[in-house]
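Residue numbers for the sequence shown follow my numbering, so the first one is 101 and each next one is one higher. We put the CB at the ideal spot given by N, CA and C, even for glycine.
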Amino acid sequence: MQNAPKGFRLHIGLFGRRNVGKSSLLNAMTRQNVSIVSDVAGTTTDPVEKPMELLPIGPVLFIDTAGIDDIGALGELRVQRTRQVFDRTDVAIIVAGPEGWGAFEEEVLDELQARDTPVIAVFNKADMARPDGALFERLEQRKVACVQTVATEGAGVLDLREALIKKTPDDYINAPAIIGDLVPPGELAVLVVPIDLEAPKGRLIVPQVQTIRDLLDHDAYCMVVKERELRDAIGRLNRPPALVVTDSQAFLKVDGDTPPDIPLTGFSILFARAKGDLVELVRGALAIDALKPGDRVLVAEACTHHPIGDDIGRVKIPRWLTQYVGGKLEFTHVQGHDFPDDVSPYRLVVHCGACMWNRREMLSRIVRCRGAGVPITNYGVTIAYSLGIFERALEVFPGAMEAYRQARKAAAAN
């Protein structure tokens with residue numbers, strides 16, 4: 101893994117009508133011909149992604165989108181793809197052309213600001229038409245930074261870069277640690293990494309790599325073992341580790357092999373906090389007790405892959421939940437950026453750890469579920485709950501543990 105994963109990059113979305121110069125602006129910012137540029141409206145169809153380093157921010161991901169005013173049957177599909185990008189945009193650039201700022205731009209601005217997304221308005225092709233000062237003043241009152249560019253000549257690109265630096269959200273700069281705040285400097289974490297059929301050949305999976313790096317960044321040590329080696333590994337240590345972290349699929353064995361005085365949690369639970377809202381996902385797990393045979397459960401996975409063997413999302417979690425409920429549940433599976441606009445038909449949403457995503461996209465799904473009154477939890481939280489080791493897996497997260505206990509009390513009172 102020589103390049104920063106997408107999930108660590110600041111996601112910068114470019115939105116606007118067709119032919120306003122979004123692709124030209126992306127090419128100017130990256131100094132490469134990333135997107136095809138043409139005078140023909142609607143050249144960009146699917147979102148085009150370009151990772152780069154943007155100092156002093158660091159790794160970013162530009163996302164060029166289709167025109168928000170695209171028409172026809174295919175145009176509507178392109179607009180839907182564009183709106184999907186709203187969910188994962190950390191900073192938005194709305195590009196307006198010589199025709200000015202109108203209803204389309206206002207609609208996009210309203211939708212982005214409803215999501216608390218920082219917005220920059222770029223008035224491209226400024227050599228052809230300049231916006232009036234009153235519009236600038238009105239947008240700046242709405243906390244929108246305004247920049248004028250001539251993208252084909254590179255004019256205004258430095259101003260846009262400065263605006264991006266200023267608009268970078270604090271929650272990106274001060275993102276939650278994965279594990280570094282749970283293991284003191286100089287202390288040891290033992291990471292349990294099963295090597296099964298789904299393990300990629302020749303490498304560790306992303307959550308494991310990112311966890312190791314976070315430990316190193318916080319001056320802690322780590323030992324990596326397979327589940328059958330854990331008991332022997334702990335026995336060889338001069339003092340107990342500060343924390344044991346396991347792949348959620350091995351929770352039962354690792355729980356049995358880890359002495360009760362050693363804290364234990366799972367990679368997926370670490371990422372429930374780092375990529376989402378652990379307290380909300382813990383509350384969501386309580387809905388498992390309310391499931392009845394025949395209820396619908398949505399299982400969502402950020403990655404796209406062909407399931408094999410005992411796939412965790414398609415086989416193991418459905419099996420464990422079915423056993424817990426004592427009857428057959430109806431499972432629906434979605435992958436990647438596909439996610440239903442209406443989640444109300446489901447009694448529960450179970451999501452993966454979203455290790456490949458930025459935090460905003462996961463939080464947007466949590467907000468959507470909350471708005472529909474549908475509980476959402478994640479793989480590791482679900483597995484720990486259904487296997488009866490929930491409290492131990494949450495022990496190192498006092499805030500989440502307290503929320504769990506309060507929710508249990510409230511449920512008992514009702």
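P498 carries a helical assignment under DSSP once its states are collapsed to helix, strand and coil.
Rounded to whole angstroms, the gap between the alpha carbons of G158 and G356 is 42 Å. Apart from sequence neighbours up to five positions away, the residues of its chain that approach V185 with a beta-carbon distance below 6 Å are G113, P147, I163, T165, ordered along the chain. When rounded, the separation of the alpha-carbon atoms in H318 and V191 is 28 Å. Judged by their CB atoms, C469 and A402 are not nearer to each other than the 8 Å cut-off.
For A245, the enclosing beta strand (DSSP E) stretches over residues 245-248.
Per DSSP, E237 is not a residue of any beta strand (DSSP E); the alpha helix (DSSP H) it occupies stretches across 233-241. N119 counts as buried, since no fewer than 16 other beta carbons sit within 10 angstroms of its beta carbon. Boundaries of the beta strand (DSSP E) around K150: 148-154. For the set T404, L209, S444, the Cα lying nearest the Cα of V434 is the one of T404.
Secondary structure in the segment 243-286: the beta strand (DSSP E) runs of 3 residues or longer, each lying completely within the stretch, are 245-248 in chain order. The continuous stretches of beta strand (DSSP E) do not include I483, which lies in the alpha helix (DSSP H) extending over residues 479-486. The continuous alpha helix (DSSP H) containing V425 extends over residues 417-425. Taken atom to atom, the span from the alpha-carbon of L421 to that of I388 is near 8 Å.
Looking from the CA of K122, the closest CA among D216, I220, R215, L154 belongs to I220.
Short of 7 Å from the beta carbon of I489, and not among the five residues preceding or following it, lie these beta carbons of its own chain, in chain order: F351, D355. Distances from the CA of A263 to each of V450, P156, R460, N274 were compared; the closest alpha carbon is that of P156. Non-local beta-carbon contacts of L398 in its own chain, meaning distances under 6 Å to residues more than five positions away in sequence, involve T432, Y446, V449 in chain order. Cβ contact annotation for P198 (same chain, cutoff 6 Å, sequence separation greater than five): K225, M228, A229, in chain order. Counting other Cβ atoms within 10 Å of its Cβ, D187 reaches 16 or more and is therefore classed as buried.
Taking 8 Å as the upper bound for CB-CB distance, E329 and P294 are not in contact here, some 11 Å apart.
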